[in-house]
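**Q**
In the numbering used here, the protein residues as written are 6 to 134.
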């Protein structure tokens, strides 16, 4: 399984997480900690794009990780957009939203990266006035 976590733009307002193939809860927490470390380097809001388009897998005990995620997510995390999430991902993420409301406060699902960036642009335009 390959995962990456990196800034998606020079302004450091978007973090891109990519998950490919099968993954474990250890992989999941590595991704969460890497993202949190990036967010802590800036003092402005940061959006997260999570690319699930190349994985159909969900590790065992993923729901139990939601409460731990809540304590890791920095306060400057804003929108979380899931790209290519399968139905099982959506169901589990909706459950996780109840267990980790701050971590999943603004979660959205789209089918492509273009949709993800368009959603961020609309959100920013609405926020700007």
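C-beta atoms are modelled at their ideal positions from N, C-alpha and C, and glycine is treated no differently.
Run through DSSP, which three-state label would residue 65 get?
**A** Of the three classes helix, strand and coil, the one that applies to residue 65 here is coil, per DSSP.
**Q** Reducing DSSP to helix, strand and coil, say where residue 133 ends up.
**A** DSSP places residue 133 in helix when its eight states are reduced to three.
**Q** Please classify residue 65 as buried or exposed, where buried requires at least 16 other C-beta atoms within 10 Å of its C-beta.
**A** The residue is exposed, with fewer than 16 neighbouring Cβ atoms inside 10 Å.
**Q** When we look at the beta-carbon of residue 53 and count the other beta-carbons within 10 Å, is it buried (16 or more) or exposed?
**A** By the neighbour-count rule (16 or more Cβ atoms within 10 Å), residue 53 is buried.
**Q** Give the single residue among 79, 11, 94, 17 whose Cα lies nearest to the Cα of residue 60.
**A** The option with the nearest alpha carbon to residue 60 is 94.
**Q** Taking the straight line between their C-alpha atoms, what separation do you get for residue 80 and residue 12?
**A** Each residue's alpha carbon lies about 17 Å from the other.
**Q** Less than 7 Å separating the beta-carbons of residue 88 and residue 115?
**A** In this structure, residue 115 lies closer than 7 Å to residue 88 by Cβ.
**Q** Hey, would you say residue 19 sits closer than 7 Å to residue 41, going by beta carbons?
**A** Contact flag unset, no.
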